[in-house]
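Colleague:
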Amino acid sequence: MYSEKVMDHFTNPRNVGEIENASGVGTVGNAKCGDIMRIYLDIDEDTKIIKDCKFKTFGCGAAVATSSMATELVIGKTIDQALKVTNKAVTEALDGLPPVKVHCSLLAEEAIHAALWDYAQKHGIVIEGLVEPKKDIHEGEE
Amino acid sequence: MSKLIYLDNAATTAVKPEVFEAMKPYFLEEYANPSSVYSFAQRSARAVEQVRSQIAGMLHAKSNEIYFTAGGSEANNWALKVIAELKREKGKHIITSNIEHHSVLYTCEYLEKQGYEVTYLNVDENGLISLEELKASIRPDTILISIMFANNEIGTIEPIAEIGKIANEHGIVFHTDAVQAFAHIPIDVAAMHIDVLSASAHKFNGPKGVGFLYLKSNIKIQPFIHGGAQERGKRAGTLNVPGIVGMGKAAELAEKEMDTRIKKETEIRDYLIQNIREHIPYVKLNGDEQKRLPNNVNFSFRFIEGESLLLLLDRAGICGSSGSACTSGSLDPSHVLLAIGLPHEIAHGSLRLTLSEENTKEEADYVVEQLQNIIEKLRSISPLYEDFVKGEQENV
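Chains as they are written, first to last, in the working numbering: chain C, 58 to 199; chain R, 108 to 503.
1. Would Pro190/C pass as an interface residue toward chain R - the criterion being a Cβ-Cβ separation below 9 Å?
2. Establish whether the CB of Arg102/R and some CB of chain C are separated by less than 9 Å.
3. Leu418/R touches chain C at which residues, Cβ-Cβ below 7 Å?
4. Using 8 Å as the threshold, is the segment 118-134 of chain R in touch with the segment 310-320 of chain R, meaning 3 or more CB pairs across them?
5. Following the continuous beta strand (DSSP E) through Val406/R, name the residue where it begins and the one where it ends.
6. Three Cβ pairs or more, each shorter than 8 Å: is that satisfied between the segment 114-122 of chain C and the segment 409-426 of chain R?
7. Does the segment 262-277 of chain R come close enough to the segment 238-246 of chain R that 3 or more CB-CB pairs lie under 8 Å?
8. CB-CB under 6 Å to Thr226/R, same chain, minus the five flanking residues each way: which ones, in chain order?
9. Can you find a C-beta in chain C that's less than 9 Å from the C-beta of Pro440/R?
10. Return the residues of the segment 80-95 of chain C that lie within a Cβ-Cβ distance of less than 7 Å from chain R, sorted by chain order.
11. I want to see whether chain C comes within less than 9 Å of Ile488/R, judged by CB atoms only; does it?
12. Counting pairs of beta carbons, one from the segment 363-373 of chain R and one from the segment 393-403 of chain R, are three or more of them closer than 8 Å?
13. Using three-state DSSP, classify His277/R as helix, strand or coil.
14. Straight-line CA distance for Ala257/R to Cys426/R?
15. For Leu346/R, which three-state DSSP category applies?
16. Here's a check: name, in chain order, each residue in its chain whose Cβ is nearer than 8 Å to the Cβ of Glu359/R, leaving out the five neighbours to either side.
17. Quick one: is Glu260/R near chain C, going by C-beta distance under 9 Å?
18. Is the beta carbon of Thr84/C sitting closer than 9 Å to the one on Arg71/C?
19. Rounded to the nearest angstrom, what separates Leu135/R and Ala177/R at their Cα positions?
20. Between Leu164/C and Gly86/C, is the Cβ-Cβ spacing less than 9 Å?
21. Kindly indicate if chain C contains any beta-carbon less than 9 Å away from that of Ile411/R.
22. Apart from the five residues just before and just after Ile106/C, which ones in its own chain have a Cβ nearer than 6 Å to its Cβ?
23. Please name the residue in Ser162/C, Val157/C, Pro156/C and Tyr97/C whose C-alpha comes closest to that of Ala150/C.
24. Return the chain-ordered ranges of every alpha helix (DSSP H) run that is complete within the segment 168-205 of chain R and spans a minimum of 4 residues.
25. Applying a beta-carbon distance threshold of less than 9 Å, which residues of chain R neighbour Glu75/C?
26. Verify the CB distance criterion: does Tyr59/C have a CB-CB separation below 9 Å to chain R?
27. Closer than 9 Å, CB to CB, is Glu452/R near chain C or not?
28. Check whether the Cβ atoms of Gly64/R and Ala446/R sit closer than 9 Å, and answer yes or no.
29. My understanding is that Tyr200/C touches Ile100/C, with C-beta atoms under 8 Å, so please give their C-beta distance in whole angstroms.
30. Are the beta-carbon atoms belonging to Val286/R and Gly318/R less than 9 Å from one another?
31. Should Pro293/R be listed as close to the ligand MN, given that the test is whether its C-beta is under 8 Å from any heavy atom?
32. What's the C-alpha gap between His282/R and Ala288/R?
33. Starting from the C-beta of Gln479/R, find all residues in its chain whose C-beta is less than 8 Å away, skip the five residues before and the five after it, and write them out in chain order.
34. According to DSSP, is Ile380/R part of a helix, a strand, or is it coil?
35. Tell me the DSSP secondary structure of Ala79/C in three-state form.
36. Find the residues of chain R that neighbour Thr114/C, judging by a C-beta separation of less than 8 Å, and give them in chain order.
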């Protein structure tokens, strides 16, 4: 049901982890639906280039693979370029997803936007074309 | 490891070689339609009737109370629809539980649209219905109680004899979906006051696409499938002779080996449960520990999601199943896991392993070892686990 690329990114996910003192962090999704994605960004103050990006994901194979691919697609990009990494781009880079899993790629796009929004908030700047992401979910169950 | 470790026997089982051998002549040589007159056909007819009495004997029922079907879902549909139709003069109230198989639940929904009222009994955290709640739900217009013998996901065995007694005392028809239980654990329809029972051959090493409905002879029903005299006019359609013969052979073997099989499976089951608990933190066994099918293991692993777990197990050659939403094609996890009170995120991280008598301790060891690695890997990439660990550190 999954392409080889999806299985590759699922079994050997790239850029897993956390970034300490990250420039921006975004968490999207909902444990109720079985998908939570968190993206950490390290953005160069001067060039506004994304130097590093890491993720953690709770979810199915497609959710993990899209997170992994999304980090690869935004590293080395400027903020403006990263904003243009759409769910379609992530899906295409993975050689497609089964129809029922397309919402996972949407989650990856939202996670990047949420991390960029966090960055903008912290630095008091406005990123053109970026809207406030849906409320950060709070999943800290005891 | 190139060997396949099949731990999804609640989904389906392998046909035993003896079963396949018994079926073969009924494809190649004894292919006659058992409804025909010539003696050639009588041989297939006899084979079918032998299976009928074989199965009736196992259940402590009579031969004329067994109707062959195309499987468990058909038998469940049939049971509910014909009883509802038959008893509608008496009333339109049905009692079932909220952990039934979808072939019961969706048939109930259909009947609700036809004007019937359905009470869905809740279950406790182990998946057991409450007899008190059952008694309290009975009304003068209650016509049918349908409670599964054992649950397909969490393996919980319901108090069937007690339910049968209550139904019997109130003159209400009692149906049980015994798809996971028949030929696995002993069933006595007379002692347990079961009026209607559904079963399916491929759950006990028989072929797919064949099952049966037991219907007590004092219940006079209308035909379920119109168009022929087969099955005493109740279910038209040429009999699936090879399938029925295969089911009979599988039932015969299951009955003969039931005690040793239960012992063997229970031993591996408990070994697996104990080792998973010992080696993997933050797990929960789902289902009742004692009143449990001998071959069912069902765990929730916190902070991880079931589909990723299944994919990684598959790469290790292990076949299991999960109640996560991603494996069901919907956004909600299994209705059974939610019914026993699991929060959504924990229900998403469930794993069901269902054994056969072929499984060994060595396989169980391998499964636990793989599970340990896989769960650790998935937790290391889980934001839920990250938050949990940070929370723990803050609490220190």
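The beta-carbon is built from N, C-alpha and C at its ideal position, and this holds for glycine as well.
Modeller: Concretely, from the data shown:
1. For the purposes of this step, residue 190/C is identified with residue 133 of the first sequence, where counting begins at 1. Cβ-Cβ to chain R under 9 Å: no for Pro190/C.
2. Residue numbering for chain R in the displayed model covers 108 to 503; residue 102/R lies beyond these limits and cannot be assessed.
3. Position 311 of the second sequence, counted from the start, is the residue given in the question as residue 418/R. For Leu418/R, the C-beta contacts it makes with chain C under 7 Å involve Phe67 and Gly118, in order along the chain.
4. yes
5. For the purposes of this step, residue 406/R is taken as the residue at position 299 of the second sequence. In the sequence under discussion, the amino acid at residue 406/R is Phe, which differs from the Val named in the question. Its beta strand (DSSP E) spans residues Asn403 to Phe408.
6. yes
7. yes
8. Numbered from its first residue, the second sequence carries residue 226/R at position 119. These residues qualify, in order along the chain: Ile202 and Ser244.
9. Working through the second sequence from its first residue, we reach residue 440/R at position 333. Chain C contact via Cβ: present.
10. Thr84, Ala88, Lys89, Cys90, Gly91, Ile93 and Arg95
11. Here the question's residue 488/R lines up with position 381 in the second sequence. Ile488/R belongs to the set of residues whose beta carbon lies under 9 Å from a beta carbon in chain C.
12. yes
13. As a first step, residue 277/R is located in the second sequence; it is residue number 170 there, counting from the start. DSSP places His277/R in coil when its eight states are reduced to three.
14. Within the second sequence, residue 257/R is the residue found at index 150, counting from 1. Within the second sequence, residue 426/R is the residue found at index 319, counting from 1. For Ala257/R and Cys426/R, the distance between alpha carbons rounds to 22 Å.
15. For the purposes of this step, residue 346/R is taken as the residue at position 239 of the second sequence. DSSP, reduced to helix, strand and coil, places Leu346/R outside both helices and strands of the structure shown, so it counts as coil.
16. Taking the first residue of the second sequence as position 1, residue 359/R is located at position 252. Here the set comprises Gln161.
17. Here residue 260/R corresponds to residue number 153 of the second sequence, with the count starting at 1. No - not a single Cβ of chain C is within 9 Å of the one on Glu260/R.
18. Residue mapping note: residue 84/C aligns to position 27 of the first sequence, counting from 1. Residue mapping note: residue 71/C aligns to position 14 of the first sequence, counting from 1. Cβ atoms of Thr84/C and Arg71/C: not closer than 9 Å.
19. Position 28 of the second sequence, counting from 1, holds the residue named residue 135/R. Position 70 of the second sequence, counting from 1, holds the residue named residue 177/R. Going from the Cα of Leu135/R to the Cα of Ala177/R covers about 21 Å.
20. On the first sequence, position 107 is the one that residue 164/C refers to. On the first sequence, position 29 is the one that residue 86/C refers to. Yes, they are a contact pair.
21. As a working note, residue 411/R is residue 304 in the second sequence. Cβ-Cβ to chain C under 9 Å: yes for Ile411/R.
22. Position 49 of the first sequence, counted from the first residue, corresponds to residue 106/C. Excluding positions up to five away in sequence, the list reads Thr135.
23. Translated into positions along the first sequence, residue 150/C becomes position 93. Cα-wise, what sits closest to Ala150/C is Ser162/C.
24. Along the length of the segment 168-205 of chain R, whole alpha helix (DSSP H) runs at least 4 residues long occupy 179-193, reported in chain order.
25. Taking the first sequence and counting its residues from 1, the one referred to as residue 75/C is at position 18. Here the neighbours are Glu493.
26. To locate residue 59/C, count along the first sequence from 1; it is residue 2. Closer than 9 Å to some Cβ of chain R, the Cβ of Tyr59/C qualifies, so yes.
27. If you number the second sequence from 1, residue 452/R lands on position 345. Answer yes: the Cβ-Cβ gap between Glu452/R and chain C drops below 9 Å somewhere.
28. Residue 64/R is absent from the structure shown; chain R starts at 108 and stops at 503.
29. Outside the modelled stretch of chain C, which goes from 58 to 199, sits residue 200/C, for which no answer is possible.
30. By one-based count along the second sequence, residue 286/R stands at place 179. By one-based count along the second sequence, residue 318/R stands at place 211. It is a contact, given that the beta carbons lie within the stated cut-off.
31. Questions concerning the ligand MN fall outside what the structure shown contains, since it holds no ligand whatsoever.
32. Working through the second sequence from its first residue, we reach residue 282/R at position 175. Working through the second sequence from its first residue, we reach residue 288/R at position 181. About 14 Å.
33. Stepping through the second sequence from its first residue, residue 479/R is reached at position 372. So the qualifying residues of the chain are His386 and Ile387.
34. Here residue 380/R is taken as the residue at index 273 of the second sequence, counted from 1. Ile380/R: helix per DSSP, three-state reduction.
35. As a working mapping, residue 79/C is identified with position 22 in the first sequence. DSSP places Ala79/C in coil when its eight states are reduced to three.
36. Taking the first sequence and counting its residues from 1, one reaches residue 114/C at position 57. In chain order: Ile488, Ser489 and Pro490.
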